[in-house]
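The structure appears right after this line, and notes come after that.
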Amino acid sequence: MRKMKDSGIEWIGQIPEDWDIWPTKRFFRHTKTFAGEQVDSYERLALTMNGVIKRSKDDSEGLQPEKFDTYQVLCENELVFKLIDLANVKTSRVGLSPYTGIVSPAYIILKNNNRDNRFYYYYFMSMYYNKIFNNLGDNGVRSSLNAQDLLNIPMVGISHSLQIRIADFLDDKCGKIDRYIEKQQQIIDKLKAYKQAVITEAVTKGLDPDVPMKDSG
Numbered sequence: 262m263r264k265m266k267d268s269g270i271e272w273i274g275q276i277p278e279d280w281d282i283w284p285t286k287r288f289f290r291h292t293k294t295f296a297g298e299q300v301d302s303y304e305r306l307a308l309t310m311n312g313v314i315k316r317s318k319d320d321s322e323g324l325q326p327e328k329f330d331t332y333q334v335l336c337e338n339e340l341v342f343k344l345i346d347l348a349n350v351k352t353s354r355v356g357l358s359p360y361t362g363i364v365s366p367a368y369i370i371l372k373n374n375n376r377d378n379r380f381y382y383y384y385f386m387s388m389y390y391n392k393i394f395n396n397l398g399d400n401g402v403r404s405s406l407n408a409q410d411l412l413n414i415p416m417v418g419i420s421h422s423l424q425i426r427i428a429d430f431l432d433d434k435c436g437k438i439d440r441y442i443e444k445q446q447q448i449i450d451k452l453k454a455y456k457q458a459v460i461t462e463a464v465t466k467g468l469d470p471d472v473p474m475k476d477s478g
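The sequence shown begins at 262 in the working numbering and counts up by one.
If you want it as structure tokens, here you go:
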């Protein structure tokens, strides 16, 4: 049986004996690079519940800036966080960008020299799913975390090869789960449509399928 040890962090619990705990700043750094005069050479990106997506600069939904030159550059394979209004548990918090573009200056970007940050993405997503971020804020009306808070968050330290193995496993497993959810959602949507049709049929046609019909006018 594999030996475990106490991580010393309540929300992490026990970890394998050969794993370590380090602050996030051991693995990442935070810097802001603003788009400035190069703004037109970048696509606009946004962090959503479906991850980092491309978003038109002409999209008028929500609060929009007059110009995007103060937006910061987010590069492919960098982690991006939205850690404001932590009391809201129904908003996106973590993304691993598949693109290079510009994002809101309110986001926090973590970068390193790794070519694969999937493990770290899953680690922070685990924090998101377990609402850890929501309990780390400053307890203000719009509780939030800043970049320094994020860099001080405890992180498990494991070899890069193990990171890749875990990330590959999670990509495969989560992909299968997502496909199953999608199929179930299609069934749910069909059942909802059927329910609506049953209600409409009953209230407009009655219960006797053989009764003569007439134009309602």
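No residue lacks a Cβ here, since even glycine has one placed at the ideal position from N, Cα and C.
- Query: Quick one: is S302 buried, meaning 16 or more other Cβ sit within 10 Å of its Cβ, or exposed?
  - Reply: exposed
- C-alpha gap between L357 and Y381, whole angstroms: 9 Å
- Query: Between F329 and I370, is the Cβ-Cβ spacing less than 8 Å?
  - Reply: Contact: no.
- Task: Going by CA-CA distance only, name the one from A463, K475 and R290 that's closest to L412.
- Result: R290
- Message: Using only the alpha-carbon positions, how far apart do M262 and M416 sit?
- Response: 24 Å
- Query: Would you call F385 buried or exposed, if buried means 16 or more other Cβ atoms sit within 10 Å of its Cβ?
  - Reply: buried
- Message: On a Cα-Cα basis, can you pick out the residue from S353, D429 and A348 that is closest to V341?
- Response: S353
- Anyone know if the C-beta pair for D267 and Q275 falls short of 8 Å? In this structure, Q275 lies closer than 8 Å to D267 by Cβ.
- Query: What is the residue span of the beta strand (DSSP E) that Q275 lies within?
  - Reply: Q275 to P277
- Of all the options A348, D319 and N378, which has the alpha carbon lying nearest to the alpha carbon of T285? Residue N378 is the option with its Cα nearest to T285.
- Identify whether F288 lies in helix, strand or coil by the three-state DSSP scheme. coil
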